[in-house]
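> Numbering (the working numbering), first residue to last: 1406 to 1865.
Glycine is no exception: its CB is placed at the ideal position from the N, C-alpha and C atoms.
The structure that follows is given in the form of structure tokens.
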Ligand SMILES: Cc1cc2nc3c(=O)[nH]c(=O)nc-3n(C[C@H](O)[C@H](O)[C@H](O)COP(=O)(O)OP(=O)(O)OC[C@H]3O[C@@H](n4cnc5c(N)ncnc54)[C@H](O)[C@@H]3O)c2cc1C
């Protein structure tokens, strides 16, 4: 419990309007996009590294748990304050400090929203590709802490591929700087990358430096309809074999097609087993050539309908189906749990078949969309968290999906992180040696276990 004296001390650091400790305000910071909840005792919205450092000095002196929070959109319980304490909300540290065109880098605070950043870059002909589905609201600090990625990862990679440097406030309140503005840097251990994906358990990110690339001249999406899922899966592999590296390569399965169609009435083919969405970008001539070759390939591989977007509006129209998959599913049942298993691309169809089998076995509705080009599947488990009998089946289904992905040579999570959601199953993939190293890293950075305790790895 925070004493009134400590509360007053914390309040004095950030001031009246950026400190909250009444129950109604705190409710806002008690959940994220996963299904667990935990009420903090105080929420603070710092605006500077100095404030964060002063807060951490109090927290380490008093051994108060501190949970970092961006927009709270993570799907693994990462920003839920399971042990009470302080929630540090980074949304007011939202300044773009520098967009440096000469050195092709940008420096900014963690509360900058991904899409706002993208808009500023577009004005200057620059590009930062990582595009999580939550990009309209999620913060760059949250993106770094989760190593977020999106559909464009097939061609351009994920957050870590662009991360050059960080400023981090440690549990002690000390300020650490890693990396810098250079595109190459092999000096010492790569601490920058260690913090990327660390989910607020090793330090608090207060400044981010990323590399930028030129904005592609144009882009085009095509949509292919397949009667047979395995034909769509084989097409994914063939795209690379014919020498095309698409920006995005997505599959929408039959259950999802019907769930989306019920909601959006886009005229999607309900009888199809799979929709393939392929986006290419680059100079106009190259894009025209590649979309022509992809159309021909999809037809040869069994697609009975191929639509190529001719305009920006048509491009957006094609993406509408994929983008509405989560919302369309979520409206069907009170609870939607977005799974995130990832397998080598060659095992994509096998993993789809496993999810169908598991859904039947546990009598659950599980539509699946996938970033097929990088083997990242999102089975969306539609359920009701108040139905205890059904939740037992859900837990078993998630466990089986996760184990199957690892058995197929894949990983527990491609984007969403471990948080609380996958903490118990983490040793299944990592093994005891890696778990011991993981625990030791946590203890080195956070000896008092005050930074987002209970997440990723449990320290006892
Ligand atoms: C509809 C929807 C679609 C999504 N699509 C994608 C997707 O395509 N790809 C993807 O990767 N994810 C996706 N996500 C998950 C989520 O949006 C991402 O993980 C995102 O990066 C979280 O950002 P946030 O600002 O909401 O962070 P939060 O959820 O607030 O926090 C995420 C984690 O980062 C930590 N953290 C936050 N800020 C800091 C900081 N400054 N310093 C240290 N730690 C910090 C938190 O403690 C927490 O552990 C989606 C979520 C939703 C709801």
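#1: Pick out the complete alpha helix (DSSP H) segments inside the stretch 1685-1732, 4 residues or longer, and give them in chain order.
#2: Are residue 1781 and residue 1747 touching if we call contact CB-CB under 7 Å?
#3: Give, in chain order, every unbroken run of the alpha helix (DSSP H) that is at least 4 residues long and sits entirely within the stretch 1411-1468.
#4: Classify residue 1647: buried if its beta carbon has 16 or more other beta carbons within 10 angstroms, exposed otherwise.
#5: Relative to the C-alpha of residue 1653, which residue among 1602, 1463, 1842 and 1684 is closest?
#6: Can you tell me which of the three DSSP states residue 1761 falls into?
#7: Just checking residue 1826 against ligand 1 - is the residue's beta carbon closer than 6 Å to any of the ligand's heavy atoms?
#8: Tell whether a beta-carbon distance below 7 Å holds between residue 1550 and residue 1856.
#9: Give a yes or no on whether the C-beta atoms belonging to residue 1853 and residue 1557 are separated by under 7 Å.
#10: Is residue 1492 buried or exposed, if buried means 16 or more other CB atoms sit within 10 Å of its CB?
#11: Could you have a look at residue 1505 and say whether DSSP puts it in helix, strand or coil?
#12: Check the DSSP bridge columns for residue 1619 and list the partner residues they point to.
#13: Between residue 1610 and ligand 1, is the CB less than 6 Å from at least one heavy atom?
#14: Can the beta-carbon of residue 1475 be found closer than 7 Å to that of residue 1820?
#15: Helix, strand or coil, according to DSSP, for residue 1816 in the structure here?
#16: Would residue 1585 and residue 1570 be called neighbours here (beta carbons separated by less than 7 Å)?
#17: Give the straight-line distance between the Cα atoms of residue 1421 and residue 1669, rounded to the nearest whole angstrom.
#18: Check whether the Cβ atoms of residue 1734 and residue 1785 lie closer than 7 Å to each other.
#19: Hey, residue 1828 and residue 1861 are a contact pair by Cβ (cut 8 Å); roughly how many whole angstroms apart?
#20: Hey, how far is the Cα of residue 1561 from the Cα of residue 1686?
#21: Go ahead and pull the three-state DSSP assignment for residue 1828.
#22: For residue 1406, count neighbouring Cβ atoms within 10 angstroms of its own Cβ and tell me buried if that reaches 16, exposed if not.
#23: Could you tell me which residues DSSP pairs with residue 1511 in its beta bridges?
#24: Got a sec, what are the start and stop residues for the alpha helix (DSSP H) residue 1639 sits in?
#25: Evaluate residue 1842 with the Cβ neighbour count: other Cβ atoms within 10 Å of its Cβ, from every protein chain shown; 16 or more gives buried, anything less gives exposed.
#26: Does ligand 3 have even one heavy atom less than 6 Å from the beta-carbon of residue 1515?
#27: With respect to the alpha helix (DSSP H) encompassing residue 1472, which residues constitute its N-terminal and C-terminal limits?
#28: For residue 1401, does the count of other Cβ atoms within 10 angstroms reach 16, so buried, or fall short, so exposed?
#29: So, is residue 1417 buried or exposed, given that buried needs 16 or more other C-beta atoms within 10 angstroms?
#30: If we call anything under 7 Å between Cβ atoms a contact, is residue 1426 one with residue 1477?
#31: Measuring alpha carbon to alpha carbon, tell me which residue in 1725, 1519, 1804 and 1755 is nearest residue 1536.
The answer reads as follows:
#1: 1689-1705 and 1717-1728
#2: Counting from one through the chain shown, the residue named residue 1781 turns up at place 376. Counting from one through the chain shown, the residue named residue 1747 turns up at place 342. One thing to note: residue 1781 has its Cβ within 7 Å of the Cβ of residue 1747.
#3: 1428-1432 and 1454-1467
#4: Taking the first residue of the chain shown as position 1, residue 1647 is located at position 242. Residue burial is scored here from C-beta neighbours: residue 1647 has fewer than 16 other C-beta atoms within 10 angstroms and is therefore classed as exposed.
#5: Numbered from 1 along the chain shown, position 248 holds the residue referred to as residue 1653. When C-alpha distances from residue 1653 are compared across 1602, 1463, 1842 and 1684, the shortest belongs to 1684.
#6: Walking along the chain shown from the start, residue 1761 turns up at place 356. In this structure, DSSP gives residue 1761 a helical state, which the three-state scheme calls helix.
#7: Here residue 1826 refers to the residue found at position 421 when the chain shown is read from its first residue. No, the beta carbon of residue 1826 sits no closer than 6 Å to any heavy atom of ligand 1.
#8: By one-based count along the chain shown, residue 1550 stands at place 145. By one-based count along the chain shown, residue 1856 stands at place 451. Against a cut-off of 7 Å, the Cβ pair of residue 1856 and residue 1550 comes out as no contact.
#9: The residue you call residue 1853 lines up with position 448 of the chain shown. The residue you call residue 1557 lines up with position 152 of the chain shown. No, the pair does not count as a contact, with Cβ atoms beyond the cut-off.
#10: Counting from one through the chain shown, the residue named residue 1492 turns up at place 87. Its Cβ being crowded by 16 or more others within 10 Å, residue 1492 is buried.
#11: What you label residue 1505 is simply residue 100 of the chain shown in a count that begins at 1. Reduced to three states, the DSSP call for residue 1505 is strand.
#12: Your numbering for residue 1619 matches position 214 in the chain shown. 1531, per the DSSP bridge assignment.
#13: One-based indexing of the chain shown puts residue 1610 at position 205. Yes.
#14: As a working note, residue 1475 is residue 70 in the chain shown. As a working note, residue 1820 is residue 415 in the chain shown. Taking 7 Å as the Cβ cut-off, residue 1475 and residue 1820 do not qualify as a contacting pair.
#15: Residue numbering aside, residue 1816 sits at position 411 when the chain shown is read from its first letter. Per DSSP, reduced to three states, the secondary structure at residue 1816 is strand.
#16: Mapped onto the chain shown, residue 1585 falls at position 180. Mapped onto the chain shown, residue 1570 falls at position 165. Their beta carbons are under 7 Å apart, which means residue 1585 touches residue 1570 by this criterion.
#17: Position 16 of the chain shown, counting from 1, holds the residue named residue 1421. Position 264 of the chain shown, counting from 1, holds the residue named residue 1669. Straight-line Cα distance between these residues: approximately 45 Å.
#18: Taking the chain shown and counting its residues from 1, one reaches residue 1734 at position 329. Taking the chain shown and counting its residues from 1, one reaches residue 1785 at position 380. The answer is yes: Cβ separation under 7 Å.
#19: Translated into the one-based positions of the chain shown, residue 1828 becomes position 423. Translated into the one-based positions of the chain shown, residue 1861 becomes position 456. That pair is a contact at about 6 Å.
#20: Residue 1561 sits at position 156 when you count from the first residue of the chain shown. Residue 1686 sits at position 281 when you count from the first residue of the chain shown. In a straight line, the C-alpha of residue 1561 is about 11 Å away from that of residue 1686.
#21: Numbered from its first residue, the chain shown carries residue 1828 at position 423. Residue state, collapsed to three classes: coil.
#22: As a working mapping, residue 1406 is identified with position 1 in the chain shown. By the 10 Å Cβ count, residue 1406 comes out exposed.
#23: Counted from its first residue, the chain shown places residue 1511 at position 106. Per DSSP, 1504 and 1615.
#24: The sequence position of residue 1639 within the chain shown is 234, counting from 1. Counting along the chain, the alpha helix (DSSP H) containing residue 1639 begins and ends at 1634-1646.
#25: For this step, residue 1842 is matched to residue 437 along the chain shown. It counts as exposed.
#26: Ligand 3 is not part of the structure shown, which contains ligand 1 as its ligands.
#27: Reading the chain shown from its first residue, position 67 is the one you call residue 1472. From DSSP, residue 1472 is part of no alpha helix (DSSP H) but of the beta strand (DSSP E) over 1471-1474.
#28: The shown model of the chain, from 1406 to 1865, leaves out residue 1401, and the question about it has no answer.
#29: Within the chain shown, numbered from 1, the residue matching residue 1417 stands at position 12. With fewer than 16 Cβ atoms within 10 Å of its Cβ, residue 1417 is classed as exposed.
#30: For this step, residue 1426 is matched to residue 21 along the chain shown. For this step, residue 1477 is matched to residue 72 along the chain shown. No, these two residues do not count as a Cβ contact at 7 Å.
#31: Along the chain shown, one-based indexing puts residue 1536 at 131. Ranking the options by Cα distance to residue 1536, first place goes to 1519.
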